[in-house]
Amino acid sequence: MLDPENIPYNEVNGMINEFNDRNEEYVDIVFRILDNIDEQLKSKNFKIRGLEWNKYNEWKLLLPFVMKSINYPVFSNRFINSCRESYEHYLDSMENSEIELKSAEFGISITYDREINQFKVPIFEFTKYCSRISGFEYRLTFQSFYGGDVIIGKNAVIKMLREYFAVQLREETSAIDPDRARELFLPFSDRIEEIRSILKEQSKSTDLGGVDSSCFPPCIIHFLNDIKGGVNLPHLARFTVVSFLNNIGMNEQGIIESFGTVPDFSKKVTEYQVRHIIGEISGTKYSPPKCVTLRSNHLCYWDNDELCHKEFMTHPLTYYKMKKKAKK
77 MLDPENIPYN
87 EVNGMINEFN
97 DRNEEYVDIV
107 FRILDNIDEQ
117 LKSKNFKIRG
127 LEWNKYNEWK
137 LLLPFVMKSI
147 NYPVFSNRFI
157 NSCRESYEHY
167 LDSMENSEIE
177 LKSAEFGISI
187 TYDREINQFK
197 VPIFEFTKYC
207 SRISGFEYRL
217 TFQSFYGGDV
227 IIGKNAVIKM
237 LREYFAVQLR
247 EETSAIDPDR
257 ARELFLPFSD
267 RIEEIRSILK
277 EQSKSTDLGG
287 VDSSCFPPCI
297 IHFLNDIKGG
307 VNLPHLARFT
317 VVSFLNNIGM
327 NEQGIIESFG
337 TVPDFSKKVT
347 EYQVRHIIGE
357 ISGTKYSPPK
367 CVTLRSNHLC
377 YWDNDELCHK
387 EFMTHPLTYY
397 KMKKKAKK
């Protein structure tokens, strides 16, 4: 996490609000970031445009401040994920030797072995970043080893660097004080308020199909909070969320949108997985796992919740129905 004492408020103020040789360039970068945000709010097929990754060092300082001046965490995560996907495409265009240099810039110890045309990554580095990537091929169990290193290909290294980039961007954004960020970006306040208004309207218009989130059991609340925070859930947790939301009446689109902030979000893949679990593809409408299954997989978060600790409480859907009935 970025040390609050080291957040470069004065540097950003100088870039945006003080006249200097490059002030116009920095202001243009802010406008391009805001234009990208506008486009994401309006487009279903959003792509990051006009932010050249080969000039990343020139605008990476500004992006977290722009996001914090808007201060909508769910949207910030969604936008950061879009930047992450764009950054992955940029890395994919690099030669292996360039990727090795980029890893060094990030402080990640990755070595390209030209003889085997593979990369060597310390086990610690591999598990730290690949744990956020879904797919069995990124689990440590399925890797080859040489000494204390994991041997992986270009695609896996790119995904590691992609996750490092996203984690850093989220941490930097989270550490910034929103009031100070808004103060720094006063010249852009009209655009920022316009974006905030659109976000407020979009959050109101989400159709939850009569779902009452105040009745969710602790496990579902925990999973959804992780999703909002950009955490990549284990497969069983994702299955639990989808099947739970479907069984209590949330529509398909609402369920899909709930996953919009996960690190590896792909709308196409998510649509397929959701449609399979809710029975549109498989023909079987799945129920979420019982509490005992969640506990055995370390996915129970009952803490001091009294209802969870009742002997008869064996299922997340039972919890929801009882809570909802008690409110009537």
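Take 77 as the starting number for the sequence shown in the working numbering and just add one per residue.
All C-beta atoms in this analysis are idealised placements derived from N, C-alpha and C, irrespective of residue type, glycine included.
It should be emphasised that the depicted structure is a prediction, and the values quoted were computed from it without experimental measurement.
How would you call residue i, buried or exposed, if buried means at least 16 neighbouring beta carbons within 10 angstroms?
| i | result |
| --- | --- |
| residue 322 | buried |
| residue 282 | Here the model assigns residue 282 a pLDDT of 48, short of 50, so the residue's position is not dependable and the matter cannot be decided. |
| residue 334 | buried |
| residue 368 | exposed |
| residue 154 | buried |
| residue 372 | exposed |
| residue 329 | exposed |
| residue 205 | buried |
| residue 216 | exposed |
| residue 118 | exposed |
| residue 402 | exposed |
| residue 190 | exposed |
| residue 199 | exposed |
| residue 360 | exposed |
| residue 194 | buried |
| residue 345 | exposed |
| residue 386 | exposed |
| residue 152 | buried |
| residue 341 | buried |
| residue 370 | buried |
Verify whether the separation of the beta carbon atoms of residue i and residue j is less than 8 angstroms.
| i | j | result |
| --- | --- | --- |
| residue 226 | residue 202 | yes |
| residue 163 | residue 138 | no |
| residue 221 | residue 212 | no |
| residue 379 | residue 263 | no |
| residue 320 | residue 309 | no |
| residue 292 | residue 396 | yes |
| residue 375 | residue 312 | yes |
| residue 347 | residue 332 | yes |
| residue 275 | residue 85 | no |
| residue 192 | residue 230 | no |
| residue 409 | residue 197 | The structure shown does not extend to residue 409, since the chain spans only 77 to 404, so no value can be given for it. |
| residue 239 | residue 209 | yes |
| residue 168 | residue 271 | no |
| residue 92 | residue 251 | no |
| residue 318 | residue 296 | no |
| residue 366 | residue 288 | no |
| residue 188 | residue 207 | no |
| residue 135 | residue 156 | no |
| residue 237 | residue 158 | no |
In this structure, what does DSSP give as the bridge partners for residue i?
| i | result |
| --- | --- |
| residue 220 | 227 |
| residue 202 | Beta-bridge pairing links residue 202 to no other residue. |
Hey, is residue i close to the ligand ATP, as in C-beta under 7 angstroms from one of its heavy atoms?
| i | result |
| --- | --- |
| residue 240 | No copy of the ligand ATP appears in this structure; indeed no ligand is present at all. |
### Message
Pairs of beta-carbons, one from the segment 179-193 and one from the segment 284-304, closer than 8 angstroms: are there three or more?
### Response
no
### Message
In chain order, what are the residue ranges of uninterrupted beta strand (DSSP E) at least 3 long that sit wholly in the segment 248-274?
### Response
none
### Message
Quick test of the definition: if touching needs 3 or more C-beta pairs under 8 angstroms, does the segment 141-149 touch the segment 104-115?
### Response
yes
### Message
Closer than 8 angstroms is the cut-off here; do at least three beta carbon pairs connect the segment 379-393 with the segment 348-362?
### Response
no
### Task
Could I get the ranges of all uninterrupted alpha helix (DSSP H) runs contained in the segment 118-197, with 4 residues as the minimum, in chain order?
132-135, 138-146, 149-168 and 172-182
### Query
Which runs of the beta strand (DSSP E) spanning at least 3 residues fall entirely within the segment 292-368, listed in chain order?
none
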